[in-house]
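Okay, structure first, notes after.
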Amino acid sequence: MKADDAVVLAQALTKRFGAFTAVDGLDLAIARGEVVGFIGPNGAGKSTAIRLLCGLLRPSAGRAIVAGYDVGREPEAVREHIGYMSQKFSLYGDLTVRENLQFFGGLYRVPRRELEQRMGLAVALAGLEGRERALVRTLAGGWKQRLALGCAILHRPPVLFLDEPTSGVEPEARRKFWDLIHHLASDGVTILVSTHYMEEAEYCNRIALIDAGRLVAIGSPGSLRRRELGGTLYELECSALGAAVAAANSAPGVIDAAIFGDKLHVLMAQGADTAELARLLGRARITAGPPRAIIPSLEDVFVRLVAKPRDRRSGA
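In this note's numbering, the protein residues as written are 21 to 336.
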């Protein structure tokens, strides 16, 4: 993608807090109508990067352009052209659905003559028709999040930043929330959303994997699964999973091994002999079924690129 075509553009974007670097040289370009997911461990820098792009923090180095405005020089203009949902629920529980919408409509300076129509659209988007007079504190988590999204788009921003918007929300409500995200994207809204749910990351057009403030990998879910593991992934049913991991990691041709649920996932170099793996497990007195080649999940990519390197850095 050309930089000129990006609605959200970060170039060597950096944020330091004293000696600590929270975001380290982030390069990112997002096109109009694209949904990009931020995934990474806690403390990876996702929230700080989003706050930088929202104009809520001033960069220590590098630059970012959002909706045509420089976040360092024009943070107020940036905030007028974006919608933002933070990790914490941001609506007022003692106000009704309608009163919250009115309040945020005023904050966003929505023209009075247009506010009623836009409030109606936000209520419909959230699926809260007939509940406009309900106190927000009485709503279930999924309803609250959809209402918060409706409030964030009252002023029709071209860009949305969503920081773990479905944290603590039940799976069915999370899926409905993502339906709303894709509905907005189909209308041309550019969306950057952070999440710690790997199954949610599958809904994104592209995924940016961040760790220790640095961009580790970026691409579509399919491309990340294909290119980042660098081998063939096998699944085995076996006894004594803890001992099996240690034994598998010592086998010739094994790049990595990890426990996934009640099974063992083993990444092997292309052309490596799985029979040798089976023999080694047998010598360790571990009962194992035959290795079965599987399609990697995003969780496999995450473990390979983030979790395992962190374990090695910590000496675990």
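A virtual CB, placed ideally from N, CA and C, is assigned to each residue, including glycine.
Worksheet item: So who's on the other strand from aspartate 293, going by DSSP bridges?
Response: Locating residue 293 in the sequence shown gives position 273, where the first residue counts as 1. In the DSSP assignment, no residue is bridged to aspartate 293.
Worksheet entry | Segment contact, 8 Å Cβ cut-off, at least three pairs: the region 155-165 with the region 179-192 | The answer is yes - the region 179-192 touches the region 155-165, with three or more Cβ pairs under 8 Å.
Item to complete: Find the nearest neighbour of alanine 295 within the set Leu256, Glu222, Ala146, judged by alpha-carbon distance.
Response: By 1-based counting over the sequence shown, the position of residue 295 is 275. Taking only the C-alpha atoms, the option nearest alanine 295 is Leu256.
Discussion item. At 4 residues or longer, what runs of the alpha helix (DSSP H) sit wholly inside the region 221-266?
Written reply: Here the runs fully enclosed are 241-247.
Worksheet item: What three-state label does DSSP hand arginine 303 in the structure shown?
Response: In the sequence shown, the residue the question calls residue 303 occupies position 283. Three-state DSSP puts arginine 303 in a helix.
Practice prompt. Determine contact between the region 257-264 and the region 219-239, defined as no fewer than three beta-carbon pairs at a distance below 8 Å.
Written response: No contact exists between the region 257-264 and the region 219-239.
Worksheet item: By how many angstroms is the C-alpha of serine 214 removed from the C-alpha of glycine 113?
Response: Along the sequence shown, read from residue 1 onward, the residue named residue 113 stands at position 93. Along the sequence shown, read from residue 1 onward, the residue named residue 214 stands at position 194. Inter-residue distance for glycine 113 and serine 214 is about 24 Å (C-alpha atoms, whole angstroms).
Practice prompt. Please go through the same chain and pick out, in chain order, the residues whose beta-carbon is closer than 8 Å to the beta-carbon of alanine 7, but skip the five residues on each side of it.
Written response: Since the displayed the chain opens at 21 and closes at 336, residue 7 lies outside it and no answer follows.
Worksheet entry | Residue nearest to alanine 154 in terms of C-alpha spacing, selected from Thr116, Gly147, Arg138, Phe181 | Numbered from its first residue, the sequence shown carries residue 154 at position 134. Looking only at Thr116, Gly147, Arg138, Phe181, the smallest Cα-Cα distance to alanine 154 is reached by Thr116.
Worksheet item: Using the rule of at least 16 other Cβ atoms within 10 Å of the residue's Cβ for burial, across every protein chain shown, is proline 5 buried or exposed?
Response: Residue 5 is absent from the structure shown; the chain starts at 21 and stops at 336.
Item to complete: Enumerate in chain order the residues of its own chain whose CB-to-CB distance from leucine 19 is below 7 Å, with the five nearest sequence positions on each side excluded.
Response: Any property of residue 19 remains undetermined from this structure, which presents the chain solely from 21 to 336.
Worksheet item: So what does DSSP say about glutamine 107, is it helix, strand or coil?
Response: Numbered from 1 along the sequence shown, position 87 holds the residue referred to as residue 107. Reduced to three states, the DSSP call for glutamine 107 is coil.
Worksheet entry | For lysine 35 and valine 156, the rounded distance between their alpha carbons | What you label residue 156 is simply residue 136 of the sequence shown in a count that begins at 1. What you label residue 35 is simply residue 15 of the sequence shown in a count that begins at 1. Using only the alpha carbons, I get a separation of about 35 Å.
Item to complete: May I have the straight-line CA-CA distance separating valine 130 from phenylalanine 123, to the nearest angstrom?
Response: Here residue 130 corresponds to residue number 110 of the sequence shown, with the count starting at 1. Here residue 123 corresponds to residue number 103 of the sequence shown, with the count starting at 1. Distance between the alpha carbons of valine 130 and phenylalanine 123 is about 10 Å.
Worksheet item: With respect to the beta strand (DSSP E) encompassing serine 214, which residues constitute its N-terminal and C-terminal limits?
Response: What you label residue 214 is simply residue 194 of the sequence shown in a count that begins at 1. Element bounds for serine 214: 210-214.
Practice prompt. Over the uninterrupted beta strand (DSSP E) stretch that includes alanine 84, give me the two end residues.
Written response: Locating residue 84 in the sequence shown gives position 64, counting from the first residue. First-last of the beta strand (DSSP E) with alanine 84: 81-86.
Worksheet item: Taking the C-alpha atoms as reference points, what is the distance between alanine 193 and alanine 304?
Response: Taking the sequence shown and counting its residues from 1, one reaches residue 193 at position 173. Taking the sequence shown and counting its residues from 1, one reaches residue 304 at position 284. So the two alpha carbons sit approximately 46 Å from each other.
Fill in: the region 169-183 / the region 73-88 touching (three or more Cβ pairs under 8 Å)
Because the criterion of three Cβ pairs below 8 Å is met, the region 169-183 and the region 73-88 touch.
Worksheet entry | Cβ neighbours of glycine 75 in the same chain (closer than 6 Å, five flanking residues each side left out) | Residue numbering aside, residue 75 sits at position 55 when the sequence shown is read from its first letter. Excluding its 5 nearest sequence neighbours in each direction, glycine 75 has C-beta neighbours in its own chain below 6 Å: Val91, Pro95, Val98, Arg99, listed in chain order.
Fill in: Whole-Å CB distance - methionine 139 paired with arginine 118, under 8 Å assumed
Here residue 139 corresponds to residue number 119 of the sequence shown, with the count starting at 1. Here residue 118 corresponds to residue number 98 of the sequence shown, with the count starting at 1. For a cut-off of 8 Å, the C-beta gap from methionine 139 to arginine 118 is around 7 Å, short enough to register as a contact.
Worksheet item: Out of curiosity, what's the CA-to-CA distance linking serine 206 and isoleucine 173?
Response: For this step, residue 206 is matched to residue 186 along the sequence shown. For this step, residue 173 is matched to residue 153 along the sequence shown. When rounded, the distance between both Cα atoms is 14 Å.
Item to complete: Give the DSSP-derived three-state secondary structure of phenylalanine 37 in the structure shown.
Response: Along the sequence shown, read from residue 1 onward, the residue named residue 37 stands at position 17. Three-state result, phenylalanine 37: strand.
Item to complete: Would you list the residues sitting across from histidine 285 in a DSSP beta bridge?
Response: Taking the sequence shown and counting its residues from 1, the one referred to as residue 285 is at position 265. For histidine 285, the pairing in a beta bridge is given by DSSP as Glu255, Ala278.
Fill in: Among Ser80, Leu127, Pro79, nearest to histidine 101 - alpha-carbon criterion
Locating residue 101 in the sequence shown gives position 81, counting from the first residue. Taking only the C-alpha atoms, the option nearest histidine 101 is Leu127.
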